[in-house]
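Worksheet: one structure, shown below.
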Amino acid sequence: MATSPVRVAIDGAQVKTGDRIHFELVSFMKELGWTTTQASGSWQATYMNKCIDGAIEIHSAPGQGDVTAALSNGHTLIAEAKKGPLSRSKASQEYPLMREAIGQLMTIENIPDKPFLSIAVPHSPKFAELAERWRRAPLISQAGIKILTVAQSGEVHGF
Numbered sequence: 015m016a017t018s019p020v021r022v023a024i025d026g027a028q029v030k031t032g033d034r035i036h037f038e039l040v041s042f043m044k045e046l047g048w049t050t051t052q053a054s055g056s057w058q059a060t061y062m063n064k065c066i067d068g069a070i071e072i073h074s075a076p077g078q079g080d081v082t083a084a085l086s087n088g089h090t091l092i093a094e095a096k097k098g099p100l101s102r103s104k105a106s107q108e109y110p111l112m113r114e115a116i117g118q119l120m121t122i123e124n125i126p127d128k129p130f131l132s133i134a135v136p137h138s139p140k141f142a143e144l145a146e147r148w149r150r151a152p153l154i155s156q157a158g159i160k161i162l163t164v165a166q167s168g169e170v171h172g173f
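As structure tokens, then:
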């Protein structure tokens, strides 16, 4: 589906601050079969997987979308992604997380021709319920924003 490396933006502070490592991104990618030929050991690199035709480019440039890729249909995927709870709680984080993602998506400055605008959130009962309802919201629909929920298995709903 992607005709170019999938570009993933990660805030450097989520990986490392000072000498403190918060997320071993290179090790995580390696466990999933993704390696880089970059000798520096930097987590900002292009990763390849011998079992998959394609690449993932991880960078820390803000304001471009969390995930971007040229698609085979000529569109460019731009997705803002949010983490969130997988089970219901009294303090509903889902509403503000989805609103924040939509706001971030709507304020990206450089939009390519034929953008495929989307937000991606975990597939949980509450996120799925909100996504189903918000997909029918007139302005979301008119703007062409897709609300995607992503299951732990990798299955994407709402494409």
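In terms of the working numbering, the sequence shown is residues 15 to 173. Virtual Cβ for every residue (Gly too), placed ideally from N, Cα, C.
Please go through the same chain and pick out, in chain order, the residues whose beta-carbon is closer than 8 angstroms to the beta-carbon of residue i, but skip the five residues on each side of it.
i	result
His-73	Arg-21, Val-22, Ala-23, Ile-24, Gln-58
Pro-76	Ala-23, Asp-25
In chain order, what residues of the same chain lie with their CB nearer than 7 angstroms to the CB of residue i, ignoring the 5 residues before and after it?
i	result
Phe-37	Gln-28, Val-29
Gln-107	Gly-98, Pro-99
Cys-65	Gly-47
Ser-101	Ser-138
Asn-63	Gly-47, Trp-48
Phe-141	Gly-98, Glu-108, Val-135, Thr-163
Bridge partners of residue i, per DSSP?
i	result
His-73	Ala-23
Lys-104	Note: Lys-104 sits in no beta bridge, so no partner.
Ser-132	Ala-93, Lys-160
Ala-16	Leu-85
His-171	Thr-163
If residue i and residue j are in contact, beta carbons under 8 angstroms, what's the gap, nearest whole angstrom?
i	j	result
Ile-131	Gly-172	Just to set this straight, residue 131 is Leu in the shown sequence, not Ile. With a Cβ gap of about 12 angstroms, Leu-131 and Gly-172 do not count as contacting.
Glu-94	Leu-111	No, Glu-94 and Leu-111 are not in contact; Cβ-Cβ is about 10 angstroms, not under 8 angstroms.
Thr-17	Leu-85	7 angstroms
Leaving aside the five residues before and after residue i along the sequence, list all residues of the same chain whose C-beta is less than 6 angstroms from its C-beta, in chain order.
i	result
Trp-148	Ile-154, Ile-161
Lys-96	Leu-111, Ala-115, Val-135
contact_flag[the segment 135-149, the segment 160-170] where n(CB pairs < 8 angstroms) is 3 or more: yes
Sufficient close CB pairs (3 or more, under 8 angstroms) joining the segment 87-96 to the segment 120-135: Between the segment 87-96 and the segment 120-135, the count of Cβ pairs shorter than 8 angstroms is three or higher; the stretches touch.
Those runs of the alpha helix (DSSP H) which lie wholly inside the segment 24-89 and span at least 4 residues: 26-29, 39-45
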